[in-house]
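Residue numbers (my numbering): 271 to 836.
No residue lacks a Cβ here, since even glycine has one placed at the ideal position from N, Cα and C.
Next up, the structure:
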């Protein structure tokens with residue numbers, strides 16, 4: 271039907287007066303109410319999880335659906351709660367010569383969260399970009415004043431821009447950079463794989479999952495001779511394990527499918543972990559040491575390096591997803607070991623392989639130089655991506671070099687985060703060809719390990735004996751959202767709490783602590799049922815205290831202001 275121009279104008283004039291009422295949200299495809307049977311399974315899981323023994327295959331299919339759904343809900347709520355606004359703000363600096371570069375800027379108080387110390391952000395200026403981390407935030411009624419540090423690779427470019435500015439001010443588009451899919455590999459694992467088909471019922475991991483999740487599951491370990499006093503030689507001298515630590519190592523040697531070392535703070539769990547790894551390596555086992563955080567893994571790697579055992583060949587892996595990772599100089603990092611392989615193991619390489627590793631070392635050095643003096647991190651990722659040791663789908667030439675390195679170096683202890691452990695062992699992952707031989711897994715900071723992540727680890731490394739080490743009285747898993755407590759309760763409770771609740775998992779308590787003073791007993795009384803034992807007598811602390819002037823000699827406590835390291 272033909273409508274005249276005048277008629278259309280009249281229609282538009284009337285439409286301008288009609289208020290716009292947005293429609294309701296569309297129902298996602300195939301979303302429906304949970305049937306009564308599913309609700310009953312949820313209740314069963316929270317009580318005794320009898321389905322695990324009654325219907326083994328169905329129980330794993332149920333867990334796959336449950337974990338992927340609840341993790342998806344949590345991830346969606348996190349994205350919804352995080353501020354995605356790009357702010358056009360003025361960047362200044364308290365010190366133009368500081369290295370790494372310090373920047374400060376002010377944004378309006380956002381409606382959503384995310385602007386907090388430790389979080390990352392990105393800034394855009396002209397055709398360039400900068401990455402940084404928030405150091406501190408101070409709030410007024412309407413604004414947030416933010417002090418941040420830029421990536422050290424951005425220092426030269428940032429400084430060249432700021433010194434050219436007459437007022438030393440730059441207008442920069444600034445926004446938070448949230449975590450990507452790598453931060454939650456468990457969600458991807460449960461969405462892409464079925465536990466009921468990939469998880470063997472006859473595996474060690476299956477027995478461990480049953481002990482962790484269900485009632486009345488009995489685990490069997492090895493009969494071993496008890497250990498006498500254990501003395502460890504390090505580069506700083508000799509250390510002797512106390513009785514609690516010795517019992518923990520003894521439990522580890524029994525190789526139960528899964529065991530828990532509940533270690534209080536300052537009790538030497540890092541030393542215990544290193545000793546366990548050394549014992550396993552001496553028994554021709556291959557050990558994976560993993561944790562939620564890179565910092566915890568680095569501490570253990572440093573302790574292993576100090577032991578300098580001939581049986582321990584450590585391999586520390588950190589994903590080079592970001593440019594700054596190419597600067598790591600840790601002794602046992604994968605990239606550094608590969609760069610040195612032509613010098614350390616030339617007799618085990620062919621002439622062709624030797625030349626390839628020499629070329630690799632030279633190219634990595636060029637990458638570091640370019641990263642520091644280049645024009646932008648985006649260009650580095652495009653031109654040098656074939657040199658970056660990422661977790662999966664890396665360049666074929668580099669993957670062949672990694673496989674050759676693993677054959678020659680033959681690591682006995684692999685150290686990485688839980689996220690990297692899951693990502694590098696998926697199809698096309700960096701370690702997909704070797705992880706089947708990892709028969710011992712030690713998880714540090716296990717109090718922060720969510721239930722679903724633990725099950726994912728048990729399914730991936732189902733032929734390995736697991737040892738969970740952590741403090742059940744300390745940090746629970748970080749979820750980041752409080753609006754869906756039921757979803758969190760179903761998939762993200764602390765693995766240590768679940769193990770204590772079921773009481774199937776062999777557990778050793780390590781309660782002799784060396785960090786707090788003997789008079790600081792309030793922590794033990796409130797949180798540890800007054801079970802902690804001070805392992806450092808006051809007389810051994812005198813060497814330090816005699817050199818410190820205490821404001822009040824009657825109170826053996828002083829607060830010391832420590833500047834934030836940049």
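Assess, as a yes-or-no matter, whether the region 760-775 is touched by the region 510-524 under the definition of 3 or more beta carbon pairs within less than 8 Å. no
For residue 516, report the span of its alpha helix (DSSP H) as first-last. 513-523
Taking the straight line between their C-alpha atoms, what separation do you get for residue 540 and residue 569? 7 Å
Look at the Cβ atom of residue 492, then the Cβ atom of residue 712, and state whether they are nearer than 8 Å. no
Taking the C-alpha atoms as reference points, what is the distance between residue 753 and residue 488? Residue 753 and residue 488 have their C-alpha atoms spaced approximately 37 Å apart.
Assigned exposure category for residue 811 - 16 Cβ within 10 Å defines buried: exposed
Opposing strand residues paired with residue 409 [DSSP bridges]: 414
Buried or exposed: which applies to residue 693, given that a residue is buried once 16 or more other Cβ atoms fall within 10 Å of its Cβ? Residue environment for residue 693: buried (at least 16 other C-beta atoms within 10 angstroms of its C-beta).
Which first and last residues belong to the alpha helix (DSSP H) in which residue 674 is found? Secondary structure note for residue 674: its alpha helix (DSSP H) is the uninterrupted segment 666-679.
Can you tell me whether residue 831 is buried or exposed? The criterion is at least 16 other CB atoms within 10 Å of its CB, across all chains shown. exposed
Same chain only: Cβ atoms within 7 Å of residue 695, ignoring 5 sequence neighbours per side: 701, 702, 705 and 730
Report the CB separation of residue 466 from residue 330 in whole angstroms; it is logged as a contact under 8 Å. 4 Å
Tell me the DSSP bridge mates of residue 584? 683
I want to know whether the region 326-342 touches the region 392-404 - three or more CB-CB distances under 8 Å. no
Whose C-beta lies closer than 6 Å to the C-beta of residue 494 among residues of the same chain, with five residues either side of it excluded? 523 and 524
In whole angstroms, what is the alpha-carbon distance linking residue 506 and residue 576? Answer to the nearest angstrom: the Cα atoms are 8 Å apart.
Mind checking which residues open and close the alpha helix (DSSP H) that includes residue 771? 765-772
Residue environment, residue 825, which counts as buried when at least 16 other CB atoms sit within 10 Å: Its Cβ having fewer than 16 others within 10 Å, residue 825 is exposed.
Between the region 346-361 and the region 308-316, do at least 3 Cβ pairs fall closer than 8 Å? The way I'd put it, the region 346-361 doesn't touch the region 308-316; fewer than three beta-carbon pairs between them come closer than 8 Å.
Taking the runs of the beta strand (DSSP E) that are 3 residues or longer, which of them lie wholly in the region 341-395? Positions of the beta strand (DSSP E) runs, each at least 3 residues long and wholly inside the region 341-395, are given as 357-361, 372-378 and 390-395 in order along the chain.
Residue 912 - DSSP class collapsed to helix/strand/coil: The structure shown does not extend to residue 912, since the chain spans only 271 to 836, so no value can be given for it.
By how many angstroms is the C-alpha of residue 789 removed from the C-alpha of residue 817? So the alpha carbons of these two residues sit roughly 20 Å apart.
Name the residue from 549, 618, 608 and 362 whose alpha carbon lies nearest to the alpha carbon of residue 671. 608
Under 8 Å between the Cβ atoms of residue 883 and residue 387? The structure shown does not extend to residue 883, since the chain is modelled only from 271 through 836, so no value can be given for it.
Under 8 Å, with one C-beta from each stretch per pair, do the region 573-587 and the region 733-741 reach the 3-pair mark? no
Out of curiosity, what's the CA-to-CA distance linking residue 554 and residue 682? Roughly 8 Å separates the two Cα atoms.
Span of the alpha helix (DSSP H) around residue 557: That residue, residue 557, is in no alpha helix (DSSP H); its beta strand (DSSP E) goes 557-561.
Compute the Euclidean distance between the alpha carbons of residue 715 and residue 352, then round it to the nearest angstrom. 26 Å
On the three-state DSSP scale, how would you describe residue 697? In the structure shown, residue 697 falls within a coil segment according to DSSP collapsed to helix, strand and coil.
Quick check: what's the CA-CA separation for residue 717 versus residue 320? 25 Å
Cβ neighbour criterion (16 or more within 10 Å) applied to residue 379: exposed
Presumed contact (8 Å Cβ cut-off) between residue 478 and residue 549, rounded CB distance: The pair is not a contact, with the Cβ atoms about 20 Å apart (cut-off 8 Å).
My output table needs one value for residue 327: the three-state DSSP class, helix, strand or coil. Correct three-state label for residue 327: helix.
Under the three-state reduction of DSSP, which class applies to residue 475: helix, strand or coil? helix
I need the DSSP call for residue 317, collapsed to helix, strand or coil. helix
May I have the straight-line CA-CA distance separating residue 785 from residue 742, to the nearest angstrom? 18 Å
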